[in-house]
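Peer 1: Take this structure, written in structure tokens, and hold onto it; I'll ask about it next.
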Amino acid sequence: MARLFTALFLCLLGVASRGTASPPRKPVDVPFQKNYVPTWAGDHIKYFNGGNEVQLSLDKYTGTGFQSKGSYLFGHFSMQIKLVPEDSAGTVTAFYLSSQNSEHDEIDFEFLGNRTGQPYILQTNVFTGGKGDREQRIYLWFDPTKGYHYYSILWNSYQIAFLVDDVPIRVFKNSKDLGVRFPFNQPMKIYSSLWNADDWATRGGLEKTDWSKAPFVASYRGFHVDGCEASAAATFCATQGKRWWDQRDFQDLDGLQYRRLAWVRQKYTIYNYCTDRSRYPTMPPECQRDRDV
Ligand SMILES: *[C@@H]1O[C@H](CO)[C@@H](O)[C@H](O)[C@H]1NC(C)=O
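Spelled out as structure tokens, the structure:
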């Protein structure tokens, strides 16, 4: 019943149709082999369907991961992911963008597993100039292990939007005017990985990985990249003029998207660093914009 209401509600919010700030063209997937390489433990990655679908597996010896060959400065990046089913407690599956230097920028989706039948947590974070500590945590409105769902990042010089199946779950606005660094000049690669984090992931580390259930398998497809490839020189992207993600429609969420975000805030948010006064007695400056929601 709850599921039915959720479906109806999303329908009313227009999830079936596209918001004005959806990418202007259908995602073009880049074949895995063309753009990605294993980051470590390549023998724990399996390829299906001509390499259009891959599975990462974690056992007690190792996790695994992959990364893009190219680096990007701004754009729209998405993947379809089906998370580790059944007992996934202690495991973390991640999809993120990161630059490769010490004062790095990073945009993170981290899926924290759970015991069978208990809900995953989706944790997001943004690092700028090596500083993170901007966690937000939500439950999802569907079971992420039952099928593929879209997880995407829209990154331009105005905002970073995190979307799940076209529903914005977080926006990190450029608050340079408030003295907050914003990722703007360090190209990032796309990463994904699956590893054991049972010292913190599930119920704060109380639930340990049950290795008798290994291997733990997460599946991926739809490796969509539409960004400015900046592998050679970041300055290249600065000379390309305005791309679609810089246009007006993508500089902010539209009304419909704000309503969806408010819905996620009200019904699914379990932690937001912006409202954690014991950790941040004064609200971090960028959170003033977060509060508009
Ligand atoms: C796991 O399930 C417990 C009990 O329902 C819940 O408190 C917790 O938030 C869930 N997720 C994680 C990752 O701990």
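Counting with mature numbering (1 follows the signal peptide of the UniProt record, and there is no 0), you get residues -21 to -1, 1 to 272 for the letters of the sequence shown. Yeah, the Cβ is synthetic: ideal placement off N, Cα and C, and Gly gets one too.
#1: Among residues of its own chain, excluding the 5 on either side of CYS(-11), which ones have a beta-carbon nearer than 6 Å to its beta-carbon?
#2: So, at 6 Å on beta carbons, what are the nonlocal neighbours of LEU142 in its own chain, with the 5 sequence-adjacent residues on each side left out?
#3: Alpha carbon to alpha carbon, what distance is there between THR41 and PHE163?
#4: What first and last residue would you give for the alpha helix (DSSP H) that runs through ALA241?
#5: Since ASP38 and PRO194 are thought to touch, with beta carbons under 8 Å apart, how far apart are those beta carbons, to the nearest angstrom?
#6: Got a sec? Which residues, its chain only, sit under 6 Å from ALA197 by beta carbon, not counting five neighbours each side?
#7: Where GLY109 and PHE74 are concerned, what is the direct C-alpha to C-alpha distance, given to the nearest angstrom?
#8: Along the alpha helix (DSSP H) that carries GLN12, what are the first and last residues, could you check?
#9: Across which residues does DSSP place ALA73 in a beta bridge pair?
#10: To the nearest angstrom, how far is it from the Cα of GLU208 to the Cα of ILE148?
#11: Between ARG239 and THR124, what straight-line distance do the alpha-carbon atoms span, to the nearest angstrom?
#12: When you compare only the Cα positions, how much space is there between GLU32 and PRO17?
#13: Could you check whether the Cβ of PRO98 sits closer than 7 Å to any heavy atom belonging to ligand 1?
#14: Measure the CB-CB distance between ILE169 and PHE56 and report whether it falls below 8 Å.
#15: Taking 7 Å as the cut-off, does the CB of ALA180 come closer than this to any heavy atom belonging to ligand 1?
#16: For a test of the three-state rule: what should DSSP assign to ARG256, helix, strand or coil?
#17: Per DSSP, what kind of secondary structure is ARG200 in: helix, strand or coil?
#18: List the endpoints of the continuous alpha helix (DSSP H) containing GLN267.
#19: Can you determine whether any heavy atom of ligand 2 sits closer than 7 Å to the C-beta of LEU91, and answer yes or no?
Peer 2: Looking at the coordinates:
#1: At CYS(-11) the pLDDT is 49, less than 50, meaning the model places this residue with poor confidence; the figure from the coordinates comes in the next sentence. Once the five neighbours on either side are set aside, CYS(-11) has no close Cβ partner at all.
#2: SER131
#3: 34 Å
#4: 234 to 247
#5: About 5 Å separates the CB atoms of ASP38 and PRO194; that is less than 8 Å, so the two are in contact.
#6: LEU35, LEU62, VAL63, THR72, LEU173
#7: 18 Å
#8: 11 to 14
#9: GLU89, SER172.
#10: 26 Å
#11: Using only the alpha carbons, I get a separation of about 22 Å.
#12: 14 Å
#13: yes
#14: yes
#15: yes
#16: In the structure shown, ARG256 sits in coil (DSSP, three-state: anything other than H, G, I, E or B).
#17: Residue state for ARG200 is assigned as strand, using DSSP reduced to three classes.
#18: 266 to 269
#19: For the structure depicted, ligand 2 is absent and the ligand set comprises only ligand 1.
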